[in-house]
Amino acid sequence: MRIAAAALLLAACGRSAHAPTLFELLPPSVTGVTFVNQVPEQDTALNIITFLNYYNGGGVAVGDVDGDGLPDLYFTSNVGPNRLYRNLGNYRFEDITERAGVADPAGWKTGVTMADVNGDGRLDIYVSAMSYLTMHGHNVLYINNGDGTFSDRTKEYGLDFAGYSTQAVFFDYDGDGDLDMYLLNYSAHSERGPMTHPQREPRHPRAGDRLFRNDGGHFVDVSDQAHIYGGVEGYGLGVVASDVNLDGCPDLYVANDFQENDFLYINNCDGTFTESIARAVGHTSHASMGVDAADYNNDGRPDLMVLDMLPEREDILKTSANADPWSIEHMKEQAGYYPQYARNTLLLNRGSVGGAVRFSEIGYLAGVYATDWSWAPLFADLDNDGNKDLFVTNGIYRRPNDLDYLAAVRDSAIQAALANGISSGLLRRLTSMMPHIPIANYAFHNNGDLTFTNMATPWGLAQPGFSNGAAYADLNNSGALDLVVNNLNAPAAIYRNHAREINHNSYLTVVLRGSGANTAGIGAKVIVRQHGTTQLVEQMPTRGFQSSVDPRLHFGLGKASRVDSVVVIWPDRRSQVLTDVPVDRTITLSQADAAGLTRGGLTPGASPGPGSVRQRSVPPPLFRDETSRLGLDFQHQENSFYDYGRQPLIPHVLSREGPALATGDVNGDGLDDVYVGGAKWQASALFIQQRDGTFRRSTQPAFQADSLSEDVAATFFDANGDG
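The opening residue of the sequence shown carries number 9 in this note's numbering; numbering runs sequentially from there.
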């Protein structure tokens, strides 16, 4: 009996050890996707020493380019030919690059996006490139001919930009029914200017972002008229379009590297934008990388995730140069830059108050603030439980911010050798000093309470490597989102999602058919309501890092058998409602069938239906400023002192905590008087309260004599016991 029980236990353990994970990495021998973004390390003209973005990697775009109902894949290669793979079904792909004619745009290729640019119902491909050093080229627009081939019609459409492009996002910013384009550009690092003030103008010919308006099939640069910054300091690495203030007009979040602020362009719905990052958030990431926008807490408002480079591993953290010292941060603040921190930022949308959208940064609270050198954030419901999870790619092939490398490269002999040019021997020596540490990607499960748990290992997504662009798509139309990742110097990864077989959760796929030139309904909002929960998904395929996702919209539904309603708000603000919708299927919704009309934008919590928009009322203020009327006319004047020069290990600046404050009845009249402490070299002040509630400043010579020291704390007490 004991032997039989032991045998059953061993059998059970064996089955558990081999239980299928949520995702399965499919090898190239199975998929036929043999693409590798191979970047050589011994090019003395173009390398990590001469080109800071050398290891940023490529992107991936997903979409059904041949109209057979299966999403196809397009990968960008930095120096080699790009590749287009046709989906044959059952996770088998065929390389059709040469036949399609989409292999070889010149330059250093970066991002890629798929969109129906000319409004003929077929997905086109736009590839961004950097024209820099030995890489000469320009961005390329491939128009889909509908016969399995594409034509380069970039110049004809006015999109043949040659500069430092990272990614393009197609969206209808002016609401005229066709797709416009925002072009995200980086900057040549050698042209980085002194941080005396933000250099957002004049417009740089190769750096600085651009906004192109679609004027009947030809794109016109309207950046200046639309108030889009275009100076040398852009350093753009990520961009996403989203109607963050829910007024019906798509806004833009631009993630910028280095000292330049991230930009939050609020669409004024009149063809112009207002940059509003300082009104919307308290701080941003520092080396901002990729960005995504999605309603991850199901409150009906789009939230934002911006990635940075903060390591989770303690050994990497302690051996890496990350945040700027306080002296540099203070200099940037004085120059007009906004506060930045070297970590991921998760911006929770709190709605619009007083006409401005506000976000709370909760990356620490949510547990997603440190994912190492990260690139693509993607919100998607990976397990179909009704909550959007978060997938993050990361890894840098060699780490140029390693402290030992930075110390070694400052050696006078190495500096002298660099001044004479980079030889192959010197290049090998320098690159070998940079650590080569493969890092696993992160897969954060949404816990449904604003927090996440990293499930990369149990979900089968923890293979160490160097991953950059990524996209999600239901590659086999099973109802579960697969993942496609562009890796550096390794085969691209295709992860099959087994959620349907493992947890049997329900799903709903929504296909949008727009009217006019916006055939995919870019900018539409789809709201699914089921058992008291609300999911909002925006039709904005370009997201993450240098990539675009499948334009079909996916909703995980848990154990639901039907959904109460599906609401679509189209870009022209017409709407339609479906009720009591069965699950586990794909539904197609056409803008031509929309009869309702929403007034303004979408307000969370409104009943799902035409005309369901309501304005959020602003409550009256609880306090009003009475300082001048009461006579408390004290202006604290902080002296300049650099705390970290004396105590480098303190957690924050202590010399700028503001004035000491104390209240007490100093003259025995039954009214509270106020003492305000001064900074060093500033006399403190005593204000005596009058019977009418106002205050009069009392002259105290002793306060002036004591101004040599800063008042850090104060209290009234009876020192001599005289009452």
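Using N, Cα and C, we set each Cβ at its ideal position, and we do this for glycine too.
TODO: Over the uninterrupted beta strand (DSSP E) stretch that includes Asp-588, give me the two end residues.
DONE: Counted from its first residue, the sequence shown places residue 588 at position 580. First-last of the beta strand (DSSP E) with Asp-588: 582–590.
TODO: Go ahead and label Ala-421 buried or exposed: buried means 16 or more other beta carbons lie within 10 angstroms of its beta carbon, across all protein chains shown.
DONE: The residue given as residue 421 occupies position 413 in the sequence shown. Burial call: exposed.
- [ ] Would you list the residues sitting across from Ser-431 in a DSSP beta bridge?
- [x] By 1-based counting over the sequence shown, the position of residue 431 is 423. Ser-431 pairs with nothing; no bridge assigned.
Open item on the list: Distance check for Ile-104 and Gly-156, CA to CA, integer angstroms please.
Closed with: Reading the sequence shown from its first residue, position 148 is the one you call residue 156. Reading the sequence shown from its first residue, position 96 is the one you call residue 104. Answer to the nearest angstrom: the Cα atoms are 9 Å apart.
Task: Cβ shell of Gln-547 (< 8 Å), same chain only, five flanking positions each side left out - done: For this step, residue 547 is matched to residue 539 along the sequence shown. Correct list, in chain order: Leu-520, Ala-528, Gly-529, Ile-530, Gly-531, Ala-532, Lys-533, Val-534, Pro-559, Leu-561.
Open item on the list: Taking the beta carbon of Arg-582 as the centre, do at least 16 other beta carbons fall within 10 Å, making it buried, or is it exposed?
Closed with: Residue 582 sits at position 574 when you count from the first residue of the sequence shown. Classification of Arg-582: buried, given that the 10 Å Cβ count is 16 or more.
Task: Distance between Glu-634 and Gly-362 (C-alpha atoms, nearest Å) - done: As a first step, residue 362 is located in the sequence shown; it is residue number 354 there, counting from the start. As a first step, residue 634 is located in the sequence shown; it is residue number 626 there, counting from the start. So the alpha carbons of these two residues sit roughly 22 Å apart.
Task: Minimum C-alpha distance to Thr-29 - residue among Thr-353, Gly-71, Trp-467 - done: Position 21 of the sequence shown holds residue 29. Closest option to Thr-29, Cα to Cα, is Trp-467.
Open item on the list: Let me make sure I understand the geometry here. Which of Leu-496, Ala-295, Gly-224, Phe-220 has the alpha-carbon closest to that of Val-230?
Closed with: Residue numbering aside, residue 230 sits at position 222 when the sequence shown is read from its first letter. Per the Cα distances, Phe-220.
Task: Limits of the alpha helix (DSSP H) - the one that Thr-465 falls within - done: Here residue 465 refers to the residue found at position 457 of the sequence shown. Note, Thr-465: premise wrong, no alpha helix (DSSP H); not H, not E.
Task: Rounded C-alpha distance that separates Ile-696 from Leu-630 - done: Taking the first residue of the sequence shown as position 1, residue 696 is located at position 688. Taking the first residue of the sequence shown as position 1, residue 630 is located at position 622. If you take the alpha carbons of Ile-696 and Leu-630, they lie about 26 Å apart.
- [ ] Spatial neighbours of Ala-713 within its chain, please: CB distance less than 7 Å, with the 5 preceding and 5 following residues excluded, ordered by chain position.
- [x] Position 705 of the sequence shown, counted from the start, is the residue given in the question as residue 713. Cβ within range, chain order: n/a, list empty.
Open item on the list: I'd like to check one pair, Tyr-650 with Ser-335: are the Cβ atoms closer than 9 Å?
Closed with: Along the sequence shown, one-based indexing puts residue 335 at 327. Along the sequence shown, one-based indexing puts residue 650 at 642. In this structure, Tyr-650 lies closer than 9 Å to Ser-335 by Cβ.
Task: Straight-line Cα distance separating His-453 from Asn-462 - done: As a first step, residue 462 is located in the sequence shown; it is residue number 454 there, counting from the start. As a first step, residue 453 is located in the sequence shown; it is residue number 445 there, counting from the start. Asn-462 and His-453: Cα-Cα distance of roughly 6 Å.
- [ ] Tell whether a beta-carbon distance below 9 Å holds between Leu-149 and Pro-310.
- [x] Translated into positions along the sequence shown, residue 149 becomes position 141. Translated into positions along the sequence shown, residue 310 becomes position 302. Taking 9 Å as the Cβ cut-off, Leu-149 and Pro-310 do not qualify as a contacting pair.
Open item on the list: As a quick exercise: from Ala-350, Leu-565, Asp-232, pick the residue whose alpha carbon is nearest that of Leu-390.
Closed with: Within the sequence shown, the letter at position 382 stands for residue 390. Ranking the options by Cα distance to Leu-390, first place goes to Leu-565.
Open item on the list: If you reduce the DSSP assignment to three classes, tell me which class Arg-91 lands in.
Closed with: For this step, residue 91 is matched to residue 83 along the sequence shown. Here Arg-91 sits in strand by DSSP.
Open item on the list: With a threshold of 6 Å on Cβ separation, who are the neighbours of Trp-383 within its own chain once the five nearest residues in sequence on each side are excluded?
Closed with: What you label residue 383 is simply residue 375 of the sequence shown in a count that begins at 1. Cβ within range, chain order: Met-297, Gly-298, Thr-401, Asn-476, Phe-553.
Task: Sequence-distant residues of its chain with Cβ nearer than 7 Å to Lys-396 (five each side left out) - done: Counting from 1 along the sequence shown, the entry for residue 396 is found at position 388. Ala-302, Tyr-304, Phe-387, Ala-388, Asp-389, Asn-454.
TODO: Could you tell me the boundaries of the beta strand (DSSP E) in which Gln-697 lies?
DONE: What you label residue 697 is simply residue 689 of the sequence shown in a count that begins at 1. Per DSSP, Gln-697 belongs to the beta strand (DSSP E) from 693–697.
Task: Beta carbon of Phe-266 nearer than 9 Å to that of Asn-275 - done: Taking the first residue of the sequence shown as 1, we reach residue 266 at position 258. Taking the first residue of the sequence shown as 1, we reach residue 275 at position 267. Not in contact: Phe-266 and Asn-275 (Cβ atoms no closer than 9 Å).
Task: DSSP beta-bridge partners of Leu-81 - done: Counted from its first residue, the sequence shown places residue 81 at position 73. Note: Leu-81 sits in a beta bridge opposite Val-70, Tyr-93.
Open item on the list: For Leu-716 and Ala-687, I'd like the C-alpha separation in whole angstroms.
Closed with: As a working note, residue 716 is residue 708 in the sequence shown. As a working note, residue 687 is residue 679 in the sequence shown. If I take the Cα positions, the gap works out to 9 Å.
Task: Three-way DSSP call (helix, strand, coil) for Ser-620 in this model - done: Position 612 of the sequence shown, counting from 1, holds the residue named residue 620. With a pLDDT of 39 at Ser-620, under the threshold of 50, the modelled position of that residue is not reliable, and no figure is offered here.
- [ ] Measure the C-alpha to C-alpha separation of Thr-611 and Gly-75 and round it to an integer number of angstroms.
- [x] As a position in the sequence shown, residue 611 is number 603, starting the count at 1. As a position in the sequence shown, residue 75 is number 67, starting the count at 1. Only weak support is given to the placement of Thr-611: the predicted model assigns it a pLDDT of 45, under 50, and the value that follows is read from those uncertain coordinates. Whole-angstrom Cα-Cα distance: 35 Å.
Task: Boundaries of the alpha helix (DSSP H) in which Leu-373 is found, first to last residue - done: By 1-based counting over the sequence shown, the position of residue 373 is 365. Counting along the chain, the alpha helix (DSSP H) containing Leu-373 begins and ends at 371–374.
- [ ] Report the option in Val-87, Asp-410, Asp-572 whose CA atom is closest to the CA atom of Asp-588.
- [x] In the sequence shown, counting from the first residue as 1, residue 588 sits at position 580. Among Val-87, Asp-410, Asp-572, the Cα nearest to that of Asp-588 belongs to Asp-572.
- [ ] Starting from the N-terminal side, write out each stretch of the alpha helix (DSSP H) that is 4 residues or longer and does not extend beyond the stretch 277–330.
- [x] 285–288, 322–326
TODO: Assign Arg-94 to one of two classes, buried (16 or more other C-beta atoms within 10 Å of its C-beta) or exposed (fewer than that).
DONE: As a first step, residue 94 must be located in the sequence shown, where it is residue number 86. By the neighbour-count rule (16 or more Cβ atoms within 10 Å), Arg-94 is buried.
Open item on the list: Can you find the residues in the same chain that come closer than 8 Å, C-beta to C-beta, to Ser-293, ignoring five residues on each side of it along the sequence?
Closed with: Position 285 of the sequence shown, counting from 1, holds the residue named residue 293. Closer than 8 Å at Cβ, skipping near neighbours: Ala-263, Asp-270, Val-314, Leu-315, Asp-316, Gln-348, Tyr-349, Ala-350, Arg-351, Asn-352, Thr-353.
Task: Buried versus exposed call for Gln-690 [16 or more other C-beta atoms within 10 Å across all chains shown] - done: Mapped onto the sequence shown, residue 690 falls at position 682. So Gln-690 ends up on the buried side.
- [ ] Taking only the alpha-carbon atoms, compute the straight-line gap between Asn-193 and Asp-160 and give it to the nearest angstrom.
- [x] Indexing the sequence shown from 1 puts residue 193 at position 185. Indexing the sequence shown from 1 puts residue 160 at position 152. Asn-193 and Asp-160: Cα-Cα distance of roughly 21 Å.
Open item on the list: So, for Ala-364: in the same chain, excluding its five sequence neighbours on each side, which residues have a beta-carbon less than 6 Å away from its beta-carbon?
Closed with: For the purposes of this step, residue 364 is identified with residue 356 of the sequence shown, where counting begins at 1. Arg-287.
Open item on the list: What would DSSP say about Trp-578, mapped onto helix, strand or coil?
Closed with: Taking the first residue of the sequence shown as position 1, residue 578 is located at position 570. Here Trp-578 sits in coil by DSSP.
Task: CA nearest to the CA of Tyr-372, picked from Val-87, Leu-356, Arg-366, Trp-381 - done: For the purposes of this step, residue 372 is taken as the residue at position 364 of the sequence shown. For Tyr-372, the nearest C-alpha among the options comes from Leu-356.
- [ ] Just the C-alpha distance for Pro-79 and Gly-154, rounded to the nearest angstrom, thanks.
- [x] The residue you call residue 79 lines up with position 71 of the sequence shown. The residue you call residue 154 lines up with position 146 of the sequence shown. Near 15 Å, if we compare the C-alpha coordinates of Gly-154 and Pro-79.
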